[in-house]
Amino acid sequence: MQLNLLKAKIHRATVTHAELHYEGSCAIDGRLLDISGIREYEQVHIYNINSGHRFVTYAIRGEEGSGIISVNGAAAHCAQPGDLVIICAYAEFDEVEAARYKPTLVYVDGDNKLTHTNHSIPAQAA
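Set out below in C-alpha cells:
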C-alpha cells in the first residue's frame, strides 16, 4: 500500500505578490525551497489562512533571501499580498518508509525569513 504523506511545509508565509498575468505557479524564495526540500516545479498545495481558499499549483524558484511568495496566474484570484498561507508538498511512501519518515516543517516570520524548522507537529491539546 502507498500512503500520501506530508513531505514538507512552509508555515504561515506572507504573500508578497499576486500576479494574474504571470505564467501560473508560485514563486518561493529559493532559500526556503532549499530548506524545506520542495523542488522547483514540484506540485504544491496552498492553504490561504485569511480567505480559506485551498488550491494546487507548482513551485518556481524565487530570488534567494528575497522573501518572495508570489501567487501567479489563475491562482492569483485565491490570494493577495499580505495574506498568510501554508504551502505544502506531499509524497508517496510505502508502509515501511512511512513508519520512519518525518516531514520538514519550515516556520517563517512576517518577512518570510526563517525562524526555525522542525520535523513534527506538537500534539493538539483539547
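Residue numbering for the sequence shown is 652 to 777, as defined by the numbering used here. Glycine residues also receive a C-beta, built at the ideal position from the N, C-alpha and C atoms.
Beta strand (DSSP E) runs wholly inside the region 686-717, at least 3 long, in chain order: 694-699 and 705-713
Expected contact under 8 Å - CB spacing of residue 757 and residue 661 to nearest Å: 5 Å
Excluding five sequence neighbours on each side, which residues of the same chain lie with their C-beta closer than 7 Å to the C-beta of residue 725? 675
Confirm, please, whether the CB-CB distance from residue 670 to residue 717 is below 7 Å. no
Could you give the uninterrupted runs of the beta strand (DSSP E) lying entirely in the region 710-761, keeping only those of 3 residues or more? Within the region 710-761, the complete beta strand (DSSP E) runs of at least 3 residues are 720-723, 735-745 and 755-759.
Per-residue DSSP class, three states only, for residue 671: coil
Taking all protein chains shown into account, decide if residue 734 is buried (16 or more other Cβ within 10 angstroms of its Cβ) or exposed. Buried is the call here.
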